[in-house]
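Working notes, beginning with the structure itself.
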Amino acid sequence: FCNISPRSLADRDFFKQFVAMLSENTEIAGSIIFEFPQSAIQRRDPALERDLDRLASLGFRFSLDQVTDLGLDAVDLARRNFRYVKIEAARLVPPPLGTARDEAEAIKRKLDIAGIDLIADKVEPEPMLVELLDLGIDYGQGYLFGEPRLSRSDF
């Protein structure tokens with residue numbers, strides 16, 4: 263997963279060059295997933311839409327991150343080659359922190375129907391993991407699984 267910041271998305275010169283570079287290196291499409299914040303994608307900027315459509319046509323896949331609006335249009339996201347949605351774990355568990363159980367299950371069903379995997383982010387206490395497993399999340403990440411560390415020690 264490679265996070266693309268809203269600032270990079272807004273920099274039209276950079277992003278045009280980025281798309282051009284990727285169009286010359288399509289062999290990496292199956293090995294990388296570009297992750298965008300929901301706020302940037304919801305703006306529906308026509309130029310960005312064209313760029314994402316171009317990347318999708320080259321085989322690149324996307325992930326929606328920093329999801330705060332749970333009223334997702336999963337079918338539209340899937341059509342645009344989004345294959346993952348990342349939601350903070352605390353938003354998926356029952357109140358007082360998260361959503362009602364039936365709302366979390368409805369979100370999961372919508373994503374499943376569209377072929378999008380749900381990633382629960384910031385999974386920390388074990389009881390939270392139990393709740394998330396009952397929900398049937400596809401992936402989880404967070405301190406419960408270990409603190410972030412460099413993948414190689416020679417950096």
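Those letters in the sequence shown? Residues 263 to 417, by my numbering. All residues carry an ideal CB built from backbone N, CA and C; glycine is no exception. What you are looking at is a predicted structure, and each value in this text was computed from that prediction instead of being measured.
Take the Cβ of residue i as the centre, count every other Cβ of all protein chains shown within 10 Å, and call the residue buried at 16 or more, exposed below.
i, result
"GLN279", "exposed"
"TYR346", "buried"
"SER285", "exposed"
"VAL392", "exposed"
"LEU412", "exposed"
Alpha helix (DSSP H) containing residue i: first to last residue?
i, result
"LEU354", "351-354"
Please state whether DSSP places residue i in a helix, a strand or coil.
i, result
"PHE324", "strand"
"VAL329", "coil"
"ARG414", "coil"
"ARG316", "helix"
"ARG345", "strand"
Tell me where the beta strand (DSSP E) around residue i begins and ends.
i, result
"LEU380", "379-383"
"ILE295", "295-299"
Excluding the 5 residues flanking residue i on each side, which residues of the same chain have their C-beta closer than 7 Å to its C-beta?
i, result
"PHE277", "SER270, LEU271 and ASP313"
In chain order, what residues of the same chain lie with their CB nearer than 6 Å to the CB of residue i, ignoring the 5 residues before and after it?
i, result
"ALA336", "LYS372, LEU373, ALA376 and ILE378"
To the nearest angstrom, report how far apart residue i and residue j are at their CA atoms.
i, j, result
"ASP275", "ALA318", "19 Å"
"GLY404", "ALA362", "22 Å"
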